[in-house]
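In what follows, a single structure is set out as structure tokens and then discussed.
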Amino acid sequence: MLRRILIANRGEIALRVLRTCKEMGIETVCVYSEQDRDAIYLRYADESICIGPGPAAQSYLDIPRIIAAAEIADVEAIHPGYGFLSENADFAEVCHSCGIAFIGPPPEAIAAVGDKARARELARQAEVPVLPGSEGVVRDVEQGLRIAREIGFPVMIKAAAGGGGRGMRVAHSELAFTNGFLAARSEAEAAFKDGSLYLEKYIEGARHIEIQVLADAHGGIVHLGERDCSLQRRHQKLIEEAPSPFVDEELRARMGAAAVRLARLAGYRNAGTAEFLVGPDRRFYFIEMNARIQVEHPVTEMVCGIDLVREQIRIAAGEPLGYTQSDVRLVGAAIECRINAEDPDQNFKPSPGRVSAYVPPGGRGVRLDSHVYAGYTIPPHYDSMVAKLIAYGADRAEAIAIMSRALGEFVIEGVRTTIPLHRRILATQEFRRGEVSTTFVEERFRR
Ligand code: MV4
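To convert, note that position 260 of the sequence shown is 261 in the working numbering; the numbers rise steadily by one, no gaps.
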């Protein structure tokens, strides 16, 4: 087993990874920016190293600084968390060449699924359904138009280096296509330094459902069921749940088998997530694969009783999974609300600052993943997510009841948060019936 791990991240996920390391008897090394000096998890770590100023480019995204810290602290492995360097194939490569295990997929697998056009081709080869679209990237507007006419409007123009909704455009007509294509290209070039684009038929009214997979270094691959992430606002997920109220045993088995086939063909290892769109007709289409632990992983942990970070560490250490698909049992229902320090009255503008009062919820069925404490100052430099509140119940109705109760208890003062928005969403009939579309929040909670 690994003896000492560096956690190359911050906030709740740094604490989340640290907790599992402690439970496994693994020593922890945290790195932090000058803006994160007061982070609570630094007090729990065996060693903490400041790696630079607040801006992530000079700290959490700076590969040489992180590798230097890892060598000084003499760690055997690096856990990248999510965001930052977690899906950077070059970083994974550098780790390995320095004799440090990267707790994630092999660099080749990160690169293969990180190119979304390539991932689409891999999916096709693995006989995983994809939407009608381009084969690989599109050269220019003319070629794009030809393909768009073939597949029929509306089409979606997506950045090969993108994902998570960035650099995407919907085109409903030929004229809109030309404009959208050029706009998406500039956006992708600016955001990812790669203007490569591909096309997909645009489907409306789909649910966003993702399958968690685990793959060891010995050919063992399992899926851990789905998470329903349909409740989003501007591509930011608000609420996730497992299992999906929309997915039955049969659909789960088919989507799970598809995700496993893709992982096998991609030479995938460690934890990963295959994202699908599922139409009202229950047909599913692969859209992209995420090569990291995801923000919403706790809902899967709750229903399958598996610590995903522990599995990531064991896999990176070369251990076999030790169980097969038939050993995986999903029990109960879990819901996660992402609590952001944002002001819903000011178009969700970030609301950093000092937390003057903090009363976390607790009790039966409640899990709170957060690094916040009373007196903590939320720095303005980073993502505004400050807590993940997870409720677990015997079924969805119980999970909703526990979540509503916990949201009622939760007090965060000094900054604006999305807690009141979550209370209102949980109170709607639509959410309670499990009938929310991806446009629900924008339509129903606009002001
Ligand atoms: C789509 C789509 C419709 N058709 N692709 C959003 C996140 C990114 N990973 C992919 N996304 C979408 N891709 C095709 N071909 C609609 C979305 C989408 C969406 C999906 C789920 C939940 C909310 C959404 C909001 C806007 C767009």
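Ideal Cβ positions, reconstructed from N, Cα and C, are used throughout, including at glycine.
Just so you know, these numbers come straight off a predicted model, no measurement behind them.
Exercise for the section: Would you identify the three-state DSSP class for residue 203, choosing helix, strand or coil? Expected result: As a first step, residue 203 must be located in the sequence shown, where it is residue number 202. Three-state DSSP puts residue 203 in coil, outside helix and strand.
Problem - Per-residue DSSP class, three states only, for residue 232 - result: Taking the first residue of the sequence shown as 1, we reach residue 232 at position 231. If DSSP states are grouped into helix, strand and coil, residue 232 belongs with the strands.
Practice task
Return the Cβ separation of residue 54 and residue 77 in integer angstroms, given the expectation that the two are a contact with Cβ distance under 8 Å.
Solution key: Along the sequence shown, read from residue 1 onward, the residue named residue 54 stands at position 53. Along the sequence shown, read from residue 1 onward, the residue named residue 77 stands at position 76. The Cβ separation is near 28 Å, so there is no contact.
Handout entry: Cβ-heavy atom distance, residue 372 to ligand 1, below 7 Å
Key = The residue given as residue 372 occupies position 371 in the sequence shown. No, the beta carbon of residue 372 sits no closer than 7 Å to any heavy atom of ligand 1.
Exercise for the section: Could you pull the start and end residues of the beta strand (DSSP E) that residue 412 belongs to? Expected result: Here residue 412 refers to the residue found at position 411 when the sequence shown is read from its first residue. 412-414 is the span of the beta strand (DSSP E), which, as asked, contains residue 412.
Practice task
Following the continuous alpha helix (DSSP H) through residue 182, name the residue where it begins and the one where it ends.
Solution key: In the sequence shown, the residue the question calls residue 182 occupies position 181. Counting along the chain, the alpha helix (DSSP H) containing residue 182 begins and ends at 175-193.
Handout entry: Alpha-carbon spacing of residue 406 relative to residue 41, whole angstroms
Key = On the sequence shown, residue 406 is found 405 positions in, with the first residue counted as 1. On the sequence shown, residue 41 is found 40 positions in, with the first residue counted as 1. Near 27 Å, if we compare the C-alpha coordinates of residue 41 and residue 406.
Exercise for the section: Could you work out which residue in 333, 298, 309 is closest to residue 389 when comparing CA atoms only? Expected result: Within the sequence shown, numbered from 1, the residue matching residue 389 stands at position 388. Checking every option, the nearest Cα to that of residue 389 belongs to 298.
Exercise for the section: Report yes or no: do three or more beta-carbon pairs, one from the segment 243-261 and one from the segment 352-364, lie closer than 8 Å? Expected result: no
Exercise for the section: Could you tell me the boundaries of the beta strand (DSSP E) in which residue 213 lies? Expected result: Position 212 of the sequence shown, counted from the start, is the residue given in the question as residue 213. Start and end: 208-216.
Handout entry: Span separating the alpha-carbon of residue 316 from that of residue 304
Key = In the sequence shown, the residue the question calls residue 316 occupies position 315. In the sequence shown, the residue the question calls residue 304 occupies position 303. Approximately 21 Å, taken between the alpha carbons.
Handout entry: Validate contact between the segment 45-54 and the segment 339-354 using beta carbons, cut 8 Å, 3 pairs
Key = no
Problem - Same chain, Cβ closer than 8 Å to residue 268, neighbours up to 5 away in sequence not counted - result: Looking up residue 268 in the sequence shown gives position 267. Result list for residue 268: 107, 109, 110, 113, in chain order.
Problem - Helix, strand or coil at residue 372 [DSSP, three-state] - result: Looking up residue 372 in the sequence shown gives position 371. Note: residue 372 maps to coil in three-state DSSP.
Exercise for the section: Decide if residue 341 is buried, meaning its Cβ has at least 16 other Cβ atoms within 10 Å, or exposed. Expected result: Residue 341 sits at position 340 when you count from the first residue of the sequence shown. Buried.
Handout entry: Contact check, residue 152 vs residue 170, beta carbons under 8 Å
Key = Taking the first residue of the sequence shown as 1, we reach residue 152 at position 151. Taking the first residue of the sequence shown as 1, we reach residue 170 at position 169. No; because the gap between Cβ atoms is not below 8 Å, this pair is not in contact.
Handout entry: Inside the segment 5-61 only - beta strand (DSSP E) runs reaching at least 3 residues
Key = 5-8, 28-34, 48-53
Problem - Uninterrupted alpha helix (DSSP H) stretches inside the segment 103-130 (no shorter than 4 residues) - result: 108-115, 117-126
Problem - Paired residues, beta bridge with residue 338 - DSSP - result: For the purposes of this step, residue 338 is taken as residue 337 along the sequence shown, with counting starting at 1. According to DSSP, residue 338 bridges with 240, 390.
Practice task
Return the CA-CA distance between residue 101 and residue 74, expressed in angstroms with no decimal places.
Solution key: Within the sequence shown, the letter at position 100 stands for residue 101. Within the sequence shown, the letter at position 73 stands for residue 74. Approximately 12 Å between the Cα atoms of the pair.
Problem - Residues of its chain near residue 136, where Cβ-Cβ distance is below 8 Å and the 5 sequence neighbours each way are ignored - result: Against the sequence shown, residue 136 aligns to sequence position 135. If we look at residue 136 and ignore the five residues flanking it on each side, its Cβ neighbours are 122.
Practice task
Take every Cβ of the segment 194-206, pair it with every Cβ of the segment 256-264, and state whether three or more of those distances are shorter than 8 Å.
Solution key: no
Exercise for the section: May I ask you to check if the CB of residue 263 is nearer than 7 Å to at least one heavy atom of ligand 1? Expected result: Along the sequence shown, read from residue 1 onward, the residue named residue 263 stands at position 262. Not so, every heavy atom of ligand 1 lies at least 7 Å from the Cβ.
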